[in-house]
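A.B. asks:
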Amino acid sequence: MIIILRPDTDIASPEGKAVLDFLATRPGVMPQVHSVTGTGRILTEIYAVGDTDSLDPQEVASLPSVERVVRVSRDYRIIGRHADDDRVGGFDYNGIRFDQQSLHLFAGLCAVDSRDNVETMMRALNEHGLPCTRMGAFKPRTNPYSFQGHGTECLPWVFELAGKYDIKVIAMEVTHDTQVDDILTALDDAGHPTGVMLQIGTRNTQNFELLKAVGRQTELPVLIKRGFGITLEESLNATEYLAREGNGNIVFCLRGMKTNLGDPHRNFVDFSHVPAVKHLTHLPVCIDPSHSVGSRNRGPDGILDIMHVTAQGIIAGANMVLVDFHPRPEQALVDGPQALHLDELSWFLDDMSIAHEAHGKRTQLAKQNNG
Ligand code: PEP
Ligand code: MN
């Protein structure tokens, strides 16, 4: 059961305490308190877990500070959207709003390589008014002899350049909990010129200890990729680990499934699951067209497959696009062949706008027809 307190009710206030005292009278019921930052206000939610059958929702709802009670109907209780659950999800980070209505482009390097390439990329983003990027410093590679990323050593100059070009959020994968501390320390040392969204890669979707460590810190939001060989339900349960540890600032990312049925794409593109994830959870949903398609193939209509699937995800309501770009793909140390070129950025943005506008029109049409 999720007990939602009236906005701005402090759990330490007498009204907040009264709810906890009430729950304490029920054997086997364990309350977990979560603070959710809505637009400009703090919302407190109490998750009553354990033996909740003895709780009467109406009785709980009648307590003075309780606004609403939601009966949990999914295993992933915190991130899940339950029956009659109209809570608004999402979060603000470094001045940017992430929710199921927003749309943000995170174009950038798969892996940080040279200072010059990072700077050229960030300058171009800034010229296009784009405040977000992707920059991998810690790369999980199939082959141990492949470039593993510049690691902690590159963080100071990547953050400094991000500050110079007004980049507010960098999506950056972590493969080990010590890297979270390294990123937090480097941000502190640099004076917070930018922000980081920690990325959990598809190979680590079910690395539960990493999820717990990332979920325990609440300073940085998290982008978690769907596991490429597990069910959507399993990936959503993995995502719940983050929220369960206390960090609910999460974006869920679709990036394709590993099966030869997806050939000729690197992965079977799963962006038809965008509306499914929005229905099952409150989370903003990201798509990664680069790691799902994995090439610069172009159709007879002249449109790159990466642009086709991006449009398919956006027309279905995607809230974020994580995509590999590179100013000099021949110099890229990871995934150069799938990178879009900097001079394709304007085209990519124009193509995104067409799909975004179409999604808006489709939503209006649905409103009219749903009465
Ligand atoms: C990435 O985004 O750089 C990446 C490695 O993606 P994935 O975890 O989806 O393979
Ligand atoms: Mn990559």
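Everything in the sequence shown is counted per the working numbering, starting at 31 for the first residue and increasing by one.
Built from N, CA and C at the ideal position, the CB exists for glycine as well.
1. Would you list, in sequence order, the uninterrupted alpha helix (DSSP H) runs of no fewer than 4 residues that lie entirely inside the stretch 124-164?
2. Take the Cβ of Pro161 as the centre, count every other Cβ of all protein chains shown within 10 Å, and call the residue buried at 16 or more, exposed below.
3. Taking the alpha-carbon of His312 as reference, which of Met350, Tyr123 and Arg117 has the nearest alpha-carbon?
4. Please look up how many angstroms separate the CB atoms of His64 and Ile108, rounded, as I've assumed it's under 8 Å.
5. Would you check whether the ligand MN has a heavy atom nearer than 6 Å to the C-beta of Asp365?
6. Helix, strand or coil for His303, going by three-state DSSP, please let me know.
7. May I have the straight-line CA-CA distance separating Trp377 from Arg326, to the nearest angstrom?
8. Over what stretch of residues does the beta strand (DSSP E) that includes Ala201 continue unbroken?
9. Go to Gly35, then tell me how far its beta strand (DSSP E) extends in each direction, as first and last residue.
10. Cβ of Asn147 within 7 Å of Cβ of Tyr195?
11. Heavy atom of the ligand PEP less than 6 Å from the Cβ of Thr232, yes or no?
12. Kindly list the residues whose CB is nearer than 6 Å to the CB of Gln398, restricted to its own chain and excluding five residues on each side of it in sequence; keep chain order.
13. Tell me the DSSP secondary structure of Asp380 in three-state form.
14. Are Pro305 and Val281 closer than 7 Å when you measure CB to CB?
15. With hydrogens ignored, establish whether the beta-carbon of Gly138 is closer than 6 Å to any heavy atom of the ligand PEP.
16. Quick check on Ile254: does DSSP put it in helix, strand or coil?
17. Which of the three DSSP states is assigned to Tyr77 in this structure?
18. Between Gly159, Met152, Tyr175 and Leu284, which lies nearest to Met165 when the distance is taken from Cα to Cα?
19. Between Asn279, Leu73, Val100 and Glu75, which has its C-alpha nearest Leu85's C-alpha?
20. Examine the ligand GDP and report whether any of its heavy atoms sits within less than 6 Å of the Cβ of Lys288.
21. Does the ligand PEP have a heavy atom nearer than 6 Å to the CB of Arg246?
22. If distances are taken between C-alpha atoms only, which option among Asp293, Gln229 and Thr393 comes closest to Ile344?
23. Using the Cβ count rule (16 or more neighbours within 10 Å means buried), how would you classify Ala78?
C.D. replies: Reading off the structure:
1. 145-157
2. buried
3. Arg117
4. 7 Å
5. yes
6. helix
7. 15 Å
8. Val199 to Glu203
9. The identity of residue 35 in the sequence shown is Leu, whereas the question assumes Gly. Ile32 to Leu35 is the extent of the beta strand (DSSP E) around Leu35.
10. no
11. yes
12. none
13. helix
14. no
15. no
16. strand
17. strand
18. Met152
19. Val100
20. Questions concerning the ligand GDP fall outside what the structure shown contains, since the ligands it does hold are the ligand PEP and the ligand MN.
21. no
22. Thr393
23. buried
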